[in-house]
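Those protein sequences? They're chains A and B, same order as listed.
For the first sequence, the numbering used here gives the first residue as 14, with consecutive numbering after it.
For the second sequence, the numbering used here gives the first residue as 5, with consecutive numbering after it.
Worksheet: the structure to be examined is printed underneath.
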Amino acid sequence: MRIAVCVKQVPETKSVKMDPETRTVIRQGVQAIINPLDLYAIEAALVLKELYNAQITAISMGPPQAVTALKEAVAMGVDEAVLVSDRAFAGSDTWATSYILAGAIKQLGDFDLILCGERATDGDTGQVGPEMAAALDLPVISYVNHINELQDGKLKVSRLVESGTEKLSMQLPGVLTVVKEIGEPRLPTFRGKLKAKEIEFPSFDLETLKLDKSLIGLKGSPTRVVKIFRPEVVRNCELIKAETEAQTVEAVDAMLAFMEDKSA
Amino acid sequence: MKNIWILAEQDAGEVKAVSYELLTRGLALAEKSGRKLCAMIFGNNIAEEGLNELIARGAERVVAVEAPELEHFLIEPYSVCMLDLIDKYEPEIILAAATSTGRTLMPYVAMTANAGLTADCTELDIEEETGLLLQTRPAIGGNIMATIKCPEHRPQMSTIRPKSTPEAPRQEGRSGEIIRLKAPTEVNKSRVSYDGFEPETEEMNLQDAERVVVVGRGIKTQANIELARELADLLGAALGASREVIDRGWLSYPHQIGLSGKTVTPKLYIGIGVSGAIQHLAGMQTSECVIAINKDPEAQIFHVADFGIVGDLFEVLPILIEKLKRGEKIC
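What follows is the structure in structure tokens.
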């Protein structure tokens, strides 16, 4: 069994800055981490590796610094990694990103399963998993919270939806996006860290992937960001101190009156 | 004429209420752009009343595509149907709810149709000069709003955050066209099969709730959570938690609100001992009304609150609960 796990390097949320000219996220000088939700996809892959002796390849598209995210995946137990990087990829929206990632996956060939996190914590779209599946003409199951078993080439999983849990089976190959309930990500091992230090992995660029230039980067992206702005803070907090019992009673009365006033 | 379409959702043949929120969005766009509002819905034996309801609440045309394979959401049959309708009707815009269905189907279809898609929008508008759809959404954990458009590719597709707009009201006397279509034959080619469903029995769905009571680390112990649960029950609210509470195992992951948990937009959010880490704010700051109880006057949560009590929650809650029990009700 061969598994690909897609990971993204994201800026630490607390230190995000935007470039008002290009209207894109400034990544330079901002602390970058592996997308926290991708750790669950790695964990799911590692569990399958133990059960079915799977071989795992981590794939990340991004600037050269994204190797850090890939090394982190290797330290957790992933076997191989591939960086997908080219200046021409910059400015890609989710459509173009999915086209590029699908190209990298095709290049690596014959995966049984592709795992993604639910979404990245910077863009917050959750679109790349399903879009990549479509680009690869594979089925996708999103919001997977449990992988039950593999039987006759079919993977049985549970999927978290608004009103409960669906039970589904998917004929492999296919794509899953997983949620946090899939299992707590393990910590890097000592052996993994050593391997991560030494591992050399290929970098795929535009030329390696032989992609259609008109479908990548800003040019290949159907969507355009036309404006970015800070959300208006319209809240004006009415703060009430409750130090003594009398104050507390008053504060609670004020709170109930406030709720009634707002009919909340 | 290229029109504005919504994807209505159904469950066991009944139209889901989130579809009516999309009609509200669609009506505003239709009015501004002079286009018609249409609805598509996929399922099996969809009840006529539901389709009439879509008309009564704003759709001029409803296209229902039906087949046994469409009873439950499965990615391939659903995308075959949507792509078929895109082919037949050439929609200018398609809006879907940012639900587990919408957030999976829309990207899958957008990829194949080479269409632009914007996720989880909270505001929509039509650009006056160009007639293009302007889609505004929070990004980077709600710290930034981005307005996005799709100049050339069609349809322009968006998923819309549930509960970000009211349901379109029913207007008596409205009429429209209902078209029932047989699904394309390819719907029988699905590599995913539906094996069953376990409904969420335990508690109220956090994202559907109009009120949520949320506990943070200030609750101190797992046993104390009962206090918050009692308050939630009295208010008819769902119970949520910050990440610290989930990481300690005091409540299960479906209760988590924030960047790596759920995003909620209830009418009323009450934070109890929630400090308001930015990751948590990302999942709740678009709530309509926010109340916070925290003993630290500097707590971040007060920056996004409308009303705050600076005090010991273990003093405040018993009094609040007592008053609510005595029927000093607010609704």
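Glycine residues also receive a C-beta, built at the ideal position from the N, C-alpha and C atoms.
Tell me the DSSP secondary structure of residue i in three-state form.
i                 : result
Ala71 of chain A  : strand
Leu136 of chain B : coil
Val69 of chain B  : strand
Trp254 of chain B : coil
Ala259 of chain A : helix
Arg39 of chain B  : coil
Lys21 of chain A  : coil
Ile10 of chain B  : strand
Pro81 of chain B  : helix
Ile47 of chain A  : strand
Asp99 of chain A  : coil
Leu181 of chain A : strand
Pro203 of chain B : strand
Arg237 of chain A : strand
Ser23 of chain B  : helix
Arg199 of chain A : coil
Leu99 of chain B  : strand
Asp15 of chain B  : strand
Could you pull out every residue in the same chain whose Cβ sits closer than 8 Å to the Cβ of residue i, ignoring the five residues on either side in sequence?
i                 : result
Arg247 of chain B : Gln260, Gly262, Ser264, Gly265, Ala281, Gln283, His284
Ile113 of chain A : Met74, Val97, Phe102, Ser105, Leu222, Leu224, Ile229
Leu109 of chain B : Leu11, Phe77, Ile79, Tyr82, Ser83, Met86, Ala100
Val196 of chain B : Leu78, Ile79, Glu80
Thr116 of chain B : Ser83, Leu87
If you draw a straight line from the alpha carbon of residue i to that of residue j, how long is it in whole angstroms?
i                 : j                 : result
Ile253 of chain A : Val314 of chain B : 6 Å
Glu230 of chain B : Glu127 of chain B : 37 Å
Ile323 of chain B : Thr261 of chain A : 8 Å
Ala286 of chain B : Asn147 of chain B : 7 Å
Gly240 of chain B : Ile295 of chain B : 16 Å
Ala32 of chain B  : Gln139 of chain B : 13 Å
Ser256 of chain B : Ile223 of chain B : 15 Å
Ala147 of chain A : Pro186 of chain A : 13 Å
Gly331 of chain B : Val320 of chain B : 17 Å
Thr190 of chain A : Asp125 of chain A : 14 Å
Asn209 of chain B : Ala242 of chain B : 7 Å
Arg29 of chain B  : Thr169 of chain B : 8 Å
Ala259 of chain A : Val265 of chain A : 10 Å
Phe201 of chain B : Glu179 of chain A : 4 Å
Glu13 of chain B  : Gly120 of chain B : 21 Å
Glu175 of chain A : Gly136 of chain A : 22 Å
Leu231 of chain A : Ser279 of chain B : 40 Å
Gly130 of chain A : Cys19 of chain A  : 8 Å
Arg65 of chain B  : Leu272 of chain B : 35 Å
Lys167 of chain A : Lys193 of chain B : 15 Å
Val80 of chain A  : Met145 of chain A : 21 Å
Gln286 of chain A : Gly205 of chain A : Because chain A is modelled from 14 through 277, residue 286 of chain A falls outside the range shown and cannot be assessed.
Lys92 of chain B  : Val249 of chain B : 50 Å
Leu181 of chain A : Ile97 of chain B  : 31 Å
To which residues of the same chain is residue i closer than 6 Å at the C-beta, ignoring the five residues directly before and after it?
i                 : result
Pro188 of chain B : Val84, Asp88
Leu162 of chain B : Note on residue identity: the sequence assigns Ser, not Leu, to residue 162 of chain B. If we look at Ser162 of chain B and ignore the five residues flanking it on each side, its Cβ neighbours are Leu99, Thr122, Cys125, Gln139.
Ala209 of chain A : Lys84, Val87, Ala88
Thr290 of chain B : Thr269
Thr236 of chain A : Asp106
Ala267 of chain A : Ile253
Is residue i near the ligand PLP, judged by its Cβ being under 7 Å from some heavy atom?
i                 : result
Ala303 of chain B : The ligand PLP is absent from the structure shown, which contains no ligand whatsoever.
Residues in the same chain with beta-carbon distance under 7 Å from residue i, minus the five sequence neighbours each way, listed in chain order, please.
i                 : result
Gln211 of chain B : Pro166, Lys266, Val268
Gly135 of chain B : Ser37
Pro111 of chain B : Leu121
Tyr198 of chain B : His76, Leu78
Quick check: is the beta carbon of residue i nearer than 8 Å to any beta carbon in chain D?
i                 : result
Arg199 of chain A : Here the protein chains are A and B, and chain D is not one of them.
### Message
Is it the case that the segment 170–186 of chain B contacts the segment 49–63 of chain B, given that we only count it when at least three CB pairs across the two stretches are under 8 Å?
### Response
In short, these stretches touch, since the Cβ pair count reaches three.
### Contact the segment 94–114 of chain A vs the segment 50–65 of chain A: 3+ CB pairs below 8 Å
These segments do not touch.
### Message
Below 8 Å, how does it come out for the segment 147–161 of chain B and the segment 291–303 of chain B: are there three or more Cβ pairs, yes or no?
### Response
The segment 147–161 of chain B vs the segment 291–303 of chain B: no contact.
### Task
Return the chain-ordered ranges of every beta strand (DSSP E) run that is complete within the segment 117–169 of chain A and spans a minimum of 3 residues.
Fully enclosed beta strand (DSSP E) runs of 3 or longer: 126–130, 153–164.
### Message
Three or more C-beta pairs under 8 Å: does that hold for the segment 82–96 of chain A against the segment 141–158 of chain A?
### Response
Because the criterion of three Cβ pairs below 8 Å is not met, the segment 82–96 of chain A and the segment 141–158 of chain A do not touch.
#### Entry: Secondary structure, alpha helix (DSSP H): runs of 4+ residues fully inside the segment 101–164 of chain B
Fully enclosed alpha helix (DSSP H) runs of 4 or longer: 106–117.
### Query
If you scan the segment 215–290 of chain B from start to end, which runs of the beta strand (DSSP E) of 3 or more residues do you find wholly inside it?
Fully contained in the segment 215–290 of chain B are the following beta strand (DSSP E) runs of length 3 or more, in chain order: 215–219, 242–245, 272–276.
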